[in-house]
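**Q** Supplied in structure tokens, the structure appears directly below.
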Amino acid sequence: MSKLDWQRATVTAIRPETPRVKTFTLRLPQWTPHLPGQHYTLRLTAPDGYQAERSYSIASPPEQTGEIELTVEAVDDGEVSGYLFEGVGVGDQLEVRGPIGGYFVWRGMPDARPLLLLAGGSGVVPLMAMLRHRQRAKLRNPTVLLFSIRTPEEAIYQEELKSMAAADDTFTLLLDYTRQAPAGWTGYHRRIDKALLAEVMGQFAASPECYVCGPTGLVENAATALLELGLPAQDIKTERFGPTGG
Amino acid sequence: MVKSSERQLVFSFLALAFTTPYPLLKKGGELALSSNFKQILMPPSFFNQGFQRKRPSNHKLPPGQYETKDFPVLSAGPTPRIALEKWSFSLEGLVEETKKWSWQEFNALLQQEFNPDIHCVTQWSKFDTKWRGVSLDTLLEHVQLKPEASYVMATSYGGYTTNLPLADLREGKAFIGLTYDGQPLTPEHGGPARLVVPHLYFWKSAKWITSLRFMAEDEPGFWERAGYSMYGDPWKAQRYADDDE
Chain A
0 MSKLDWQRAT VTAIRPETPR VKTFTLRLPQ WTPHLPGQHY TLRLTAPDGY
50 QAERSYSIAS PPEQTGEIEL TVEAVDDGEV SGYLFEGVGV GDQLEVRGPI
100 GGYFVWRGMP DARPLLLLAG GSGVVPLMAM LRHRQRAKLR NPTVLLFSIR
150 TPEEAIYQEE LKSMAAADDT FTLLLDYTRQ APAGWTGYHR RIDKALLAEV
200 MGQFAASPEC YVCGPTGLVE NAATALLELG LPAQDIKTER FGPTGG
Chain B
0 MVKSSERQLV FSFLALAFTT PYPLLKKGGE LALSSNFKQI LMPPSFFNQG
50 FQRKRPSNHK LPPGQYETKD FPVLSAGPTP RIALEKWSFS LEGLVEETKK
100 WSWQEFNALL QQEFNPDIHC VTQWSKFDTK WRGVSLDTLL EHVQLKPEAS
150 YVMATSYGGY TTNLPLADLR EGKAFIGLTY DGQPLTPEHG GPARLVVPHL
200 YFWKSAKWIT SLRFMAEDEP GFWERAGYSM YGDPWKAQRY ADDDE
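What follows is the structure, given as structure tokens:
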């Protein structure tokens, strides 16, 4: 079977990440190693034959063999995300194909350059696969995740990210609350702008590779600001999603 | 909830009894069966219990697509900003003489309205989009193509490329869009000018277009080198190279 044939995965775990985000662990009969940043397409079929497909970034690292984790945000009135949230339980089967995508990927080789990851909301998912791979592969390239969220309850993977940062002095986690910060917060508390990115870039001794994923507005602003700060266009990889992602 | 596997057993048994795949049954809805019986027969070999279409659509959607009223933005890197006085568009490669237009010259060409349905490989489709631009037929009148010209590489500011058969740009099938919804095309959506080839997946509709290069043989562009389909027909769901015939 070709790696892009549809296969029937089994849901082995469902973990709530935030009130609007869940991670589904899927065991795959035909697992192939993916690159961090790649996605799978998921297909739902109704009893009348109607089908809907959506693409979801892989959250798990390639070191986690035989299964993938897909982190899904509930979209208002979302045809597919709505069903995944309400109609799917452990043991159910879901059709998927992948891994897909050859551009927004980070290979994470031992000679990896410094890495700047910029996430808005659930845009953190493909970046999490990169961070998890980096951790499992014990890479020490200087890495920063700047994670922009509106409110504390939107912080996906928060505990894991904090312990990752605590255990690794080459990885820095920067949270940015754009709407409401937790009590006593002294970190970033505004939309990502050029001045903020200039500060973050100042943490790097050498020019980083940059991956930006989030809503269109954030990606547009951040990518434009990074260019203005002198980062070459080929070092800025972007992935966007809008409210229609699901 | 009832597990899909239990229901599935029943359906596969019935399907076996008739040895007719589901799509055929659907087309032949006139089969002399009681309506209840038909309903039982309809389900495909695998389905997700309880899943159903949320948004019925009057338009025809290609397989796997859903309708959106928004206009999502997808691109691989930063959005190039192109000053109009520096903008140019050219037809080059296998032509007798390269033709190049400035922004002013290009805007003086015959413009037409286009209202296509568009389909993105990331599964959204948008119906009745409102564009104004220059038909490729109009542009092709300005060059003499060499006989071996059969394919085209569209090239954008920022370095994006995508390949298409020449035939897919002719006979009203493609245009260079200059306005969207009555406004100049914004940079996120490919402004100042974007190729629009609505019958193919929208990555073929190169944003920030600056040239079309005519070629004798097909060559992969940016996404095509990354494993996407060489042609990208939404009605055949040609998303990835694996989907090509």
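Residue numbers (numbering that gives the first Met the number 0), protein chains in the order written: chain A, 0 to 245; chain B, 0 to 244.
Using N, Cα and C, we set each Cβ at its ideal position, and we do this for glycine too.
(1) Could you tell me which chain A residues have their CB closer than 9 Å to the CB of alanine 75(B), listed as they occur along the chain?
(2) What are the start and end residues of the beta strand (DSSP E) that includes glutamate 94(A)?
(3) For tyrosine 239(B), which of helix, strand or coil comes out of DSSP?
(4) Throw me the rounded Cβ distance for the leucine 25(A) and leucine 69(A) pair, which I believe falls under 8 Å.
(5) For proline 113(A), return the contacting residues in chain B, with the cut-off set at a CB-CB distance below 7 Å.
(6) In angstroms, rounded to a whole number, what distance separates the CA positions of leucine 116(A) and methionine 108(A)?
(7) Identify the contact partners of isoleucine 99(A) in chain B, using a Cβ-Cβ distance below 7 Å as the criterion.
(8) Where DSSP assigns a beta bridge to histidine 271(A), which residues make up the other side?
(9) Checking contacts by CB at 7 Å: is glycine 231(B) closer than that to chain A?
(10) Here's the rule: buried if 16 or more other CB atoms are within 10 angstroms of the residue's CB, otherwise exposed. What is alanine 8(A)?
(11) How would you list, in chain order, the residues of chain A whose beta-carbon sits under 9 Å from the beta-carbon of threonine 97(B)?
(12) Quick check on the burial criterion: 16 or more other C-beta atoms within 10 angstroms. Buried or exposed for glutamine 64(B)?
(13) Using a Cβ-Cβ cut-off of 7 Å (strictly less than) and excluding sequence neighbours within five positions of glutamate 62(A), which residues of its own chain qualify?
(14) Any contact between the segment 155–171 of chain B and the segment 218–228 of chain B? By contact I mean 3 or more CB pairs, one from each, below 8 Å.
(15) Counting Cβ pairs closer than 8 Å, one from the segment 65–85 of chain A and one from the segment 117–126 of chain A, do we hit at least three?
(16) For the segment 60–76 of chain A, enumerate the residues whose C-beta is nearer than 9 Å to any C-beta of chain B, in chain order.
(17) At a CB-CB cut-off below 9 Å, which residues of chain B make contact with tyrosine 176(A)?
(18) Count Cβ pairs between the segment 66–82 of chain B and the segment 213–231 of chain A that sit closer than 8 Å; are there 3 or more?
(19) How big is the Cα-Cα spacing for leucine 114(A) and asparagine 140(A)?
(20) Please find out if some non-hydrogen atom of the ligand ZN comes closer than 6 Å to the beta-carbon of methionine 129(A).
(21) Going by beta carbon distance, what residues of the same chain come within less than 7 Å of lysine 172(B), once the five residues before and after it are set aside?
(22) By Cβ distance, which residues of its chain are closer than 6 Å to valine 142(B), with the 5 residues on each side in sequence left out?
**A** With the structure as the only source:
(1) By one-based count along the second sequence, residue 75(B) stands at place 76. Among the residues of chain A, those whose CB is under 9 Å from the CB of alanine 75(B) are Tyr102, Phe103, Lys236, Thr237, Glu238, following chain order.
(2) Here residue 94(A) refers to the residue found at position 95 of the first sequence. Going by DSSP, glutamate 94(A) is part of the beta strand (DSSP E) stretching over 92–99.
(3) Translated into the one-based positions of the second sequence, residue 239(B) becomes position 240. Secondary structure at tyrosine 239(B): strand, using DSSP grouped into helix, strand and coil.
(4) Position 26 of the first sequence holds residue 25(A). Position 70 of the first sequence holds residue 69(A). About 7 Å; that satisfies the 8 Å criterion.
(5) Your numbering for residue 113(A) matches position 114 in the first sequence. In chain order: nothing, as chain B lies at least about 18 Å away.
(6) Residue mapping note: residue 116(A) aligns to position 117 of the first sequence, counting from 1. Residue mapping note: residue 108(A) aligns to position 109 of the first sequence, counting from 1. Taking C-alpha positions only, leucine 116(A) is separated from methionine 108(A) by approximately 16 Å.
(7) Position 100 of the first sequence, counting from 1, holds the residue named residue 99(A). Against isoleucine 99(A), the close residues of chain B are Tyr239, in the order they occur along the chain (beta-carbon pairs closer than 7 Å).
(8) Past the boundaries of the shown model lies residue 271(A); chain A is included only from 0 to 245, so the question cannot be answered.
(9) Numbered from its first residue, the second sequence carries residue 231(B) at position 232. The beta carbon of glycine 231(B) does not come within 7 Å of any beta carbon belonging to chain A, so the residue lies off that interface.
(10) Against the first sequence, residue 8(A) aligns to sequence position 9. Alanine 8(A) comes out buried.
(11) Position 98 of the second sequence, counting from 1, holds the residue named residue 97(B). Those within 9 Å of threonine 97(B) in chain A number zero; the least Cβ separation is about 26 Å.
(12) Reading the second sequence from its first residue, position 65 is the one you call residue 64(B). Burial state of glutamine 64(B) is buried, judged by a 10 Å Cβ sphere holding 16 or more other Cβ atoms.
(13) For the purposes of this step, residue 62(A) is taken as the residue at position 63 of the first sequence. Apart from the 5 residues on each side of it in sequence, glutamate 62(A) sits with its Cβ closer than 7 Å to the Cβ of His132, Arg135 in its chain, given in chain order.
(14) At 8 Å Cβ cutoff, the stretches touch.
(15) The segment 65–85 of chain A makes contact with the segment 117–126 of chain A: 3 or more CB pairs, one atom from each, lie closer than 8 Å.
(16) Residues Asp76.
(17) Residue numbering aside, residue 176(A) sits at position 177 when the first sequence is read from its first letter. Under a criterion of Cβ atoms nearer than 9 Å, no residue of chain B is adjacent to tyrosine 176(A); the nearest Cβ is some 25 Å distant.
(18) Of all C-beta pairs linking the segment 66–82 of chain B to the segment 213–231 of chain A, three or more are shorter than 8 Å, placing the two stretches in contact.
(19) Here residue 114(A) corresponds to residue number 115 of the first sequence, with the count starting at 1. Here residue 140(A) corresponds to residue number 141 of the first sequence, with the count starting at 1. Straight-line spacing of the CA atoms in leucine 114(A) and asparagine 140(A) works out to 7 Å.
(20) As far as ligands go, the structure on display features none, and thus does not contain the ligand ZN.
(21) To locate residue 172(B), count along the second sequence from 1; it is residue 173. So the list reads Val196, His198, once near-sequence residues are dropped.
(22) Position 143 of the second sequence holds residue 142(B). Within the same chain, valine 142(B) has close Cβ partners Leu90, Val94, Lys98.
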